[in-house]
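Numbering (this note's numbering), first residue to last: 9 to 351. A short write-up of the structure that comes next.
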């Protein structure tokens, strides 16, 4: 046993303290070796629980790196197929596709066009991997509208919730026809899950699941994503995405989506909203996902590039924290890398 320095002993004696009591409960016993720590570890990051968000772009001949998200790319159809095959081989659970069209209009018509970039990407990935991983589609208009909003605009320039729902229905049906196992409405329109569930069921796609963006906040952490999809947005989305100050509202929105027929719920962003994630996970009877968004990714990559952090440890710790808070699945741009390291 290490000898206590005499200066400390004297200081305590002067203060009337005889000695420190010998502890009888020692939690450190379970931290003594790597094997011991692994034996009692509560939270595990399973590659099969990771969802990889990937971008496919219409007007490029080779993959284009996203400057604000080093290591992530806007893919061609061919490079997308290769990426999907790599993800399946590495054991990633799912791939979530976002389309970047060459042409946009006021209603986002390329979103449900059979030859639109997102639907062609879905078909290509499904042909490449079959059922080896879950093929998920982003079901939102923001990448396809010339104004960059997630729905139709009314005469005042606001987003018309109810007029947007039929467009989401058309988009979801087109994605199911293209081969998506799961659609993922992210526009935060009231009633979007019920509308999409009804459309899929009536169009004989009852086996296509819905991953609902349930608690999606109007977050500054989405910044790099704007570059990834070539966003044309002017203004903001605060009239339909949630106020970052509201916690209870996140749970309320999630329970509404579950009641409307969602198969999975999502909290987005993940890291800054672990309290909301924990609330939803505790209350939900269906699986809960969390999206580790572009800003979370970009900050870690930038800090690592400057030598300020241990990149791998921070990635792993951040994912562990999200799972520890209650996520059943995590959307992360590091999905492929983490899965490869786990092999």
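Where a beta carbon is used, it is the ideal one built from N, C-alpha and C, also for glycine. The model shown is predicted, which means the values in this text are computed figures rather than measured ones.
Beta carbon of residue i nearer than 8 Å to that of residue j
i, j, result
"residue 182", "residue 148", "no"
"residue 243", "residue 287", "no"
"residue 155", "residue 114", "yes"
"residue 189", "residue 245", "no"
"residue 247", "residue 166", "yes"
"residue 101", "residue 58", "yes"
"residue 261", "residue 222", "yes"
"residue 278", "residue 298", "yes"
"residue 170", "residue 220", "no"
"residue 300", "residue 339", "yes"
"residue 161", "residue 168", "yes"
"residue 291", "residue 327", "no"
"residue 38", "residue 48", "yes"
"residue 67", "residue 110", "yes"
Exposure label - residue i; buried when at least 16 CB within 10 Å
i, result
"residue 267", "exposed"
"residue 130", "buried"
"residue 44", "exposed"
"residue 30", "exposed"
"residue 335", "buried"
"residue 284", "buried"
"residue 151", "buried"
"residue 112", "buried"
"residue 15", "exposed"
"residue 304", "buried"
"residue 40", "exposed"
"residue 342", "buried"
"residue 33", "exposed"
"residue 13", "exposed"
"residue 10", "exposed"
"residue 62", "buried"
"residue 46", "exposed"
"residue 27", "exposed"
"residue 229", "buried"
"residue 281", "buried"
Collapsed DSSP secondary structure at residue i in the structure displayed
i, result
"residue 86", "helix"
"residue 74", "coil"
"residue 323", "helix"
"residue 102", "strand"
"residue 65", "strand"
"residue 293", "coil"
"residue 33", "coil"
"residue 165", "coil"
"residue 190", "strand"
"residue 146", "strand"
"residue 182", "helix"
"residue 227", "coil"
"residue 113", "strand"
"residue 335", "coil"
"residue 141", "coil"
"residue 275", "strand"
"residue 300", "strand"
"residue 216", "coil"
"residue 107", "strand"
"residue 222", "strand"
"residue 153", "strand"
"residue 177", "helix"
"residue 210", "helix"
"residue 58", "strand"
"residue 247", "coil"
"residue 172", "helix"
"residue 341", "coil"
Beta-carbon contacts of residue i that lie in its chain and below 7 Å, excluding the five residues immediately before and after
i, result
"residue 269", "201, 202, 205, 218"
"residue 136", "89, 92, 93"
"residue 177", "203, 204, 207"
"residue 173", "197, 199, 200, 203"
"residue 344", "60, 94, 95, 98, 100"
"residue 249", "196, 224, 225, 226"
"residue 132", "85, 88, 89"
Residues of its chain near residue i, where Cβ-Cβ distance is below 8 Å and the 5 sequence neighbours each way are ignored
i, result
"residue 72", "65, 81, 82"
"residue 141", "92, 95, 96, 100, 101, 102, 103"
"residue 294", "266, 270, 271, 272, 273"
Same chain, Cβ closer than 6 Å to residue i, five either side skipped, listed in chain order
i, result
"residue 127", "182, 186"
"residue 116", "149, 152, 153"
"residue 317", "311"
"residue 322", "308"
"residue 350", "55"
"residue 119", "149, 152, 179"
Take every Cβ of the stretch 200-220, pair it with every Cβ of the stretch 234-254, and state whether three or more of those distances are shorter than 8 Å.
Verdict: no, contact absent.
Determine contact between the stretch 250-264 and the stretch 305-314, defined as no fewer than three beta-carbon pairs at a distance below 8 Å.
no
Could you say if the stretch 42-59 and the stretch 319-337 meet the contact criterion of at least three C-beta pairs nearer than 8 Å?
yes
Does the pairing of the stretch 143-159 with the stretch 184-191 give three or more beta-carbon distances under 8 Å?
yes
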